[in-house]
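The next block holds one structure in the form of structure tokens; read it before the comments.
Number of protein chains: 2
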Amino acid sequence: MNLLPVLEPATDDACCAPAGTPALGAEEAKQKALVFKALADPNRLRLLSIVKAESSGESCVCDLTDPLDLGQPTVSHHLKILVEAGLLHREKRGTWAYYSLVPGALEEAAGILATL
Amino acid sequence: MNLLPVLEPATDDACCAPAGTPALGAEEAKQKALVFKALADPNRLRLLSIVKAESSGESCVCDLTDPLDLGQPTVSHHLKILVEAGLLHREKRGTWAYYSLVPGALEEAAGILATL
DNA sequence: TTCATACATTGATGACCGTCAATATTGGGG
DNA sequence: CCCCAATATTGACGGTCATCAATGTATGAA
């Protein structure tokens, strides 16, 4: 998938050999960092945890506002970030909004680390 | 490991059932978020990628400064963050500093996602 | 000891982020 | 149509972060 750098025969001087194309491209790295940015907040981790623990597979915002010590707008903000990161799915039914894990999304995030 | 919430028989009103203890505690979440904070930067992902791709298993700073479009102090700063997150190991030999992946660290980070 | 190299640290700056209060929007019920 | 409940959006504020230029530190060589 990645063209490996040419793997120089070792410069006679010392350290600092390859350079060439870095293993992970700049754009690719930026993209992958987005997922971890979404995961890099304690309250968002707790949100994911609560949604995952729910037996029904989904939680409405009021289920999520109480356990965290945060105001409702802040929780909504975090949920939006998780949705935009592709980790949560949002479905509005009546007045309520139900959030559920996107199937395989967490595994995919874990996969990024395995294939760095 | 976690005491599950009592799982109310469903309040007659509608939504908003459990509350109780959130699946992931506040302190625990804060701790786990630290690793993802370290991973939440494109340049740090690239650094990890380069170190991992190196056949010798380690890279000195000059190997890392060129591929990224960053100054040497900035690279040093990112490396420090990765070391403090427990992802990289630093060993100084002579004038050079060699960085290598901490064995199992990336897998452990991936494990956090699996056991949220 | 003096100099050059490799790397780390400091201080400053501009950008981004988490949080809240206030307000807007949407949907259901009377 | 009007009111209320649930959620989203906006604007503002304080804190953190990524980056760089300048400087400090340590190691090896002359």
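If you read the sequences in order, they're chains A and B.
The first sequence: position 76 = 76 (the numbering used here), numbered continuously.
The second sequence: position 99 = 99 (the numbering used here), numbered continuously.
All residues carry an ideal CB built from backbone N, CA and C; glycine is no exception.
Keeping to the same chain, check which residues put their C-beta closer than 6 Å to that of residue i; ignore five residues upstream and five downstream.
i     : result
A/I81 : A38
A/V35 : A85 and A109
The beta strand (DSSP E) with residue i in it runs from where to where?
i      : result
A/L101 : W96 to L101
B/L88  : L88 to R93
By the three-class DSSP mapping on this structure, what secondary structure does residue i have?
i      : result
A/S122 : This structure cannot settle anything about residue 122 of chain A, because the visible part of chain A is limited to 1 through 116.
A/L34  : helix
B/T115 : coil
B/L68  : coil
A/D63  : helix
A/L24  : coil
A/A29  : helix
Comparing the C-beta of residue i with each C-beta of chain A, is any distance below 8 Å?
i     : result
B/L79 : no
B/A17 : A caution first: B/A17 carries a pLDDT of 49, below 50, which makes its placement in the model too unreliable to give a value.
Establish whether the CB of residue i and some CB of chain B are separated by less than 8 Å.
i     : result
A/D12 : Because the pLDDT of A/D12 is 32, which lies under 50, any placement of that residue in the model is unreliable, and the question is left without a value.
A/K92 : no
A/V6  : In this prediction, A/V6 scores a pLDDT of 31, lower than 50, which makes its location untrustworthy; no coordinate-derived value is stated.
Please list the terminal residues of the continuous alpha helix (DSSP H) segment that includes residue i.
i      : result
A/G104 : Run containing A/G104: none; DSSP gives neither H nor E here.
Going along the chain, which residues of its own chain have a beta-carbon closer than 7 Å to the beta-carbon of residue i, five neighbours each way excluded?
i      : result
B/V102 : G86, L87, L88 and H89
Near residue i, what residues of its chain come up, given a Cβ to Cβ distance below 8 Å and the 5 sequence neighbours on each side ignored?
i     : result
A/E54 : D63
A/Y98 : E58, S59, C60, R90, E91 and K92
| message | Contact between the region 47 to 60 of chain B and the region 53 to 66 of chain A is defined here as three or more beta-carbon pairs at a separation below 8 Å; is this criterion met? | response | no
| Three-pair Cβ contact test at 8 Å for the region 28 to 44 of chain B versus the region 24 to 40 of chain A | yes
| task | Would you check if the region 106 to 113 of chain A and the region 89 to 97 of chain A touch, i.e. whether three or more CB-CB distances between them fall below 8 Å? | result | no
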